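K.L.:
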Amino acid sequence: MVDRAETERVDPGHALRPFGDQPRASKVSLLIYHGDEATLVPLRAGEPVVVGRGDDATITIDDPSLSRTHVRFRLLTEGQVEVTDLGSTNGTWLAAQRIETTVIGSEQEVTFGGAVASLHVLSLSGDDAREMEGHDRFQRTLARELDRARFFKRPAAVVMTRPLHDEGTPLRRWVAELQERMRPVDRLAAYSATTAEILLTEASLEQALLFARDLVSTIKPRLACGVALFPSSATSAEELSEVARRALRRATKASPVVVAEDEGTRLVTPDADAPVCESPAMKELFKTALRVAKSAIPVLLLAETGAGKEVLARYVHETSPRQSGPMVSVNCAAIPESLLESTLFGHEKGAFTGATGQRLGVFESASGGTVFLDEIGELPASAQAALLRVLEAKTITRVGSTEEISVDARVVAATHRDLPAMVQAGRFREDLLYRLNTMTLQIPPLRERKEDIPALAERFLAEANAANDRALREIAPDAMALLMEHAWPGNVRELKNAIERAVVIAEAEVVGVDDLPMSLAGAGAPKARPSTPAPAIDSGETEDFRTKMDRLEAEVLLDALRACGWNQTHAARRLQMPLRTLVHKIKVHGLRKLGYGKP
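First residue of the sequence shown: 72, per our numbering; consecutive thereafter.
Below, the structure is given as structure tokens:
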């Protein structure tokens with residue numbers, strides 16, 4: 072969605088001003104939804120806004136169901152706007168009635184093509200329209216920001232927020248008030264119809280809490296917030312969003328702002344559910360892990376991010392002679408380098424500024440049990456040397472002390488990095504790799520063990536139902552087919568997050584295709600060329616062969632969907648087309664079951 076009238080520019084000085092210190096002015100604004108995105112557009116007297124598919128529109132939406140200049144919005148008075156259809160093919164609709172020119176007031180909605188616009192009288196920060204991303208795009212933006220933050224060793228935060236009491240209050244009724252409290256560098260997305268997710272760049276814990284507390288104290292309806300910090304809460308985009316959602320679920324009237332637990336070091340609790348092992352590869356892997364568990368040798372787990380390293384580490388611990396002892400997990404990437412040795416090996420009182428007392432480290436705390444070192448490739452050189460000493464001599468030395476202390480803890484390490492390549496580059500000790508590499512277990516990515524997907528999806532459905540107080544019965548066959556076909560670059564964690572969001576946004580009793588992320592239907596597919604609808608006013612356009620074919624295809628698909636009551640499985644059968652292809656084409660052409668499109 073492109074705004075040709077106004078472009079948001081980030082002034083570095085303005086971008087980092089304190090949270091809650093935003094100028095506020097009364098505005099009449101239009102909130103335009105399209106697909107899983109939304110744009111908030113201020114309306115001003117004497118400056119009409121034209122929405123359409125062509126370059127002449129003020130707001131351009133790449134959707135073949137829109138005409139090049141489709142509809143015009145003109146501010147009349149505070150709270151009233153004139154809406155004029157500009158001779159579009161698919162029309163402009165208000166309350167299921169096609170209109171030519173009408174006047175709408177606050178909270179009324181009009182539908183045009185694949186878009187919906189609602190009018191709001193509200194406050195905005197400044198004059199810029201701000202785009203509200205969809206969840207898929209938000210995750211990509213978040214991943215890029217975390218890469219930047221990781222490289223520059225900077226903080227970032229994710230805040231998830233929803234109404235505390237009235238779950239039914241839609242996001243569109245309070246999103247503008249939320250946006251006025253954001254900085255230009257922050258990013259906002261609609262996680263569901265009632266829940267927003269916000270990326271706060273360069274935000275410390277104190278700044279994120281200031282922002283969240285401002286939301287819950289000033290916005291109506293009263294909100295609840297879950298706050299997750301990078302890198303202390305999580306180090307990947309999928310995981311950071313997940314822990315923010317978990318924190319949001321713990322919010323109460325007495326404590327409406329909840330910070331995610333520190334994932335750097337934590338005691339791992341037993342898992343009542345057995346690991347999912349439907350595929351031959353996973354069955355063989357866990358058989359090997361069972362044999363390895365009986366010994367005391369170090370184990371190195373190799374896997375892509377989100378593939379289930381901790382699940383396998385927990386299995387090794389729980390089937391070993393050490394199962395009655397503690398298992399302590401350490402995310403080496405989530406702990407500041409200056410605190411890592413203190414975290415692993417403990418410190419004495421006065422060892423450094425802030426060391427007000429003696430503290431036991433991870434290896435002493437896990438005595439008789441297992442230490443799980445996740446992201447072992449992120450260990451700095453000094454900690455690598457100390458870890459090698461633990462593996463060879465079974466002793467540690469607390470920071471600020473010279474006394475050697477015997478420890479008895481098995482080490483299970485994990486990484487997604489190429490450690491031999493890091494050795495060649497001089498970033499990882501070769502002798503430490505030899506000690507860790509006594510037994511290596513490789514976890515296959517989810518795309519290579521698709522037999523596990525149905526069982527994993529059903530488990531995540533049950534967990535999401537319980538966590539969100541829902542009662543969805545199952546995953547529809549066509550939705551399961553899409554799950555089976557997706558490549559899952561984020562592996563099991565990505566699947567879990569997709570199912571949880573589907574449970575949150577689903578309106579039926581089953582998870583359907585429309586509840587799944589858009590990336591599942593159109594991953595890797597080329598962007599379709601827009602088709603040309605009926606001519607706009609004073610337009611001398613002509614259609615070329617390609618655009619005629621695109622328009623014809625959209626009409627054929629729409630006819631089949633109407634005839635089948637918008638049942639996509641039946642429509643695909645009627646068209647003699649694979650379901651995946653139909654779902655992708657529906658997304659490409661922007662076909663939606665709107666007022667004018669009901670069968």
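We treat Cβ as the ideally placed atom computed from N, Cα and C, and that holds for glycine. These numbers come from a predicted model, not from an experiment.
Tell me the rounded alpha-carbon separation between Thr-131 and Leu-137.
P.N.:
If I take the Cα positions, the gap works out to 10 Å.
K.L.:
His-206 to Glu-310, Cα distance in whole Å?
P.N.:
So the alpha carbons of these two residues sit roughly 14 Å apart.
K.L.:
By the DSSP assignment, the alpha helix (DSSP H) with Gln-455 in it spans what residues?
P.N.:
Counting along the chain, the alpha helix (DSSP H) containing Gln-455 begins and ends at 452-464.
K.L.:
Over the uninterrupted alpha helix (DSSP H) stretch that includes Ile-570, give me the two end residues.
P.N.:
Counting along the chain, the alpha helix (DSSP H) containing Ile-570 begins and ends at 562-576.
K.L.:
Nearest by alpha-carbon distance to Ile-715: which of Ala-480, Thr-424, Ser-409, Ala-405 is it?
P.N.:
In the structure as shown, the chain starts at 72 and stops at 670, and residue 715 therefore has no counterpart that could be examined.
K.L.:
What's the C-alpha gap between Ser-275 and Ala-457?
P.N.:
Approximately 30 Å between the Cα atoms of the pair.
K.L.:
The beta strand (DSSP E) that contains Val-470, what's its start and end?
P.N.:
Note, Val-470: premise wrong, no beta strand (DSSP E); not H, not E.
K.L.:
To the nearest angstrom, report how far apart Val-574 and Val-230 are at their CA atoms.
P.N.:
So the alpha carbons of these two residues sit roughly 20 Å apart.
K.L.:
For Phe-223, count the other beta carbons within 10 Å of its own beta carbon; 16 or more makes it buried, fewer makes it exposed. Which is it?
P.N.:
With fewer than 16 Cβ atoms within 10 Å of its Cβ, Phe-223 is classed as exposed.
K.L.:
Please state if the CB of Gly-583 and the CB of Ala-547 are separated by a distance shorter than 7 Å.
P.N.:
Their beta carbons are under 7 Å apart, which means Ala-547 touches Gly-583 by this criterion.
K.L.:
Taking the alpha-carbon positions, what's the Asp-523 to Leu-373 distance?
P.N.:
Spanning the two alpha carbons is a distance of roughly 19 Å.
K.L.:
Note the first and the last residue of the continuous beta strand (DSSP E) segment covering Met-231.
P.N.:
It spans 227-234 - the beta strand (DSSP E) in which Met-231 sits, taken as one unbroken run.
K.L.:
Which residues mark the beginning and the end of the alpha helix (DSSP H) in which Val-207 is found?
P.N.:
Looking at the sequence itself, residue 207 is Asp, so the reference to Val does not match. 206-223 is the span of the alpha helix (DSSP H), which, as asked, contains Asp-207.
K.L.:
I want to know whether the stretch 534-553 touches the stretch 496-514 - three or more CB-CB distances under 8 Å.
P.N.:
In short, these stretches do not touch, since the Cβ pair count stays below three.
K.L.:
What ranges does the alpha helix (DSSP H) occupy inside the stretch 467-548, keeping only unbroken runs of at least 4 residues that lie completely in it?
P.N.:
Those alpha helix (DSSP H) runs which fall completely within the stretch 467-548 and span 4+ residues are 490-495, 501-507, 524-539.
K.L.:
Going along the chain, which residues of its own chain have a beta-carbon closer than 7 Å to the beta-carbon of Gly-117, five neighbours each way excluded?
P.N.:
Excluding residues within five positions, none has a Cβ falling inside 7 Å.
K.L.:
Starting from Phe-443, trace the beta strand (DSSP E) both ways and give me its first and last residue.
P.N.:
Run containing Phe-443: 441-445, per the beta strand (DSSP E) assignment.
K.L.:
Could you check whether the Cβ of Ala-405 sits closer than 6 Å to any heavy atom belonging to the ligand NAP?
P.N.:
Ligands are entirely absent from the displayed structure, and the ligand NAP is therefore not among its contents.
K.L.:
Could you work out which residue in Arg-115, Gly-123, Thr-129, Leu-157 is closest to Arg-145 when comparing CA atoms only?
P.N.:
For the residues Arg-115, Gly-123, Thr-129, Leu-157, the minimum Cα distance to Arg-145 belongs to Arg-115.
K.L.:
Kindly indicate which three-state DSSP category Leu-431 falls into: helix, strand or coil?
P.N.:
Leu-431: coil per DSSP, three-state reduction.
K.L.:
Could you check whether Glu-534 and Leu-581 sit closer than 7 Å to each other, using their CB atoms as the reference points?
P.N.:
Here the sequence assigns Val to residue 581, which means Leu is not the residue at that position. Going by C-beta atoms, Val-581 is not nearer than 7 Å to Glu-534.
K.L.:
For Leu-371 and Asn-508, which I take to be in contact (beta-carbon distance under 8 Å), what is that distance rounded to the nearest angstrom?
P.N.:
About 6 Å separates the two Cβ atoms, so the contact holds.
K.L.:
Nearest-angstrom Cα distance between Gln-210 and Arg-393?
P.N.:
Whole-angstrom Cα-Cα distance: 39 Å.
K.L.:
In its own chain, which residues sit with a C-beta less than 7 Å from the C-beta of Val-563, not counting the 5 before and 5 after it?
P.N.:
Closer than 7 Å at the Cβ level, and outside the excluded window around Val-563, lie Gly-377, Ala-378, Gly-379, Leu-517, Leu-527.
K.L.:
Report back the beta-carbon spacing between Val-120 and Thr-110 to the nearest angstrom; my notes put them in contact at under 8 Å.
P.N.:
Not quite, the Cβ-Cβ distance comes to about 11 Å (not below 8 Å), so this is no contact.
K.L.:
Below 7 Å CB to CB, which residues in the same chain sit around Pro-704 once its five sequence neighbours on both sides are set aside?
P.N.:
Residue 704 lies beyond the range of the chain shown here (72 to 670); nothing can be said about it.
K.L.:
Measure the alpha-carbon distance for Ile-570 versus Ser-366 and round it to whole angstroms.
P.N.:
Taking the straight line joining both Cα atoms gives about 37 Å.
K.L.:
Given a threshold of 16 other Cβ atoms within 10 Å of its Cβ, counted over all protein chains shown, does Gln-168 qualify as buried or as exposed?
P.N.:
The residue is exposed, with fewer than 16 neighbouring Cβ atoms inside 10 Å.
K.L.:
Taking the alpha helix (DSSP H) that Phe-357 falls in, what are its first and last residues?
P.N.:
Start and end: 351-364.
K.L.:
Please classify Leu-300 as buried or exposed, where buried requires at least 16 other C-beta atoms within 10 Å of its C-beta.
P.N.:
When all chains shown are included, Leu-300 counts as buried.
K.L.:
Below 6 Å CB to CB, which residues in the same chain sit around Arg-488 once its five sequence neighbours on both sides are set aside?
P.N.:
Within the same chain, Arg-488 has close Cβ partners Gly-448.
K.L.:
For Thr-148, report the span of its beta strand (DSSP E) as first-last.
P.N.:
That run of the beta strand (DSSP E) goes 142-148.
K.L.:
Quick one: what's got a C-beta closer than 7 Å to Ala-642's C-beta in the same chain, skipping five residues either side?
P.N.:
Taken in chain order, the residues that qualify are Ala-631, Leu-632, Cys-635, Leu-653.
K.L.:
Please report the Cβ distance between Arg-233 and Thr-212, rounded to the nearest whole angstrom; I am assuming they are in contact, meaning their Cβ atoms lie under 8 Å.
P.N.:
That pair is no contact at about 20 Å.
K.L.:
Whole angstroms is fine: what's the gap from Glu-204's alpha carbon to Ala-496's?
P.N.:
The straight-line gap from Cα to Cα measures roughly 39 Å.
K.L.:
According to DSSP, simplified to helix, strand and coil, what is Gln-151?
P.N.:
Strand at Gln-151.
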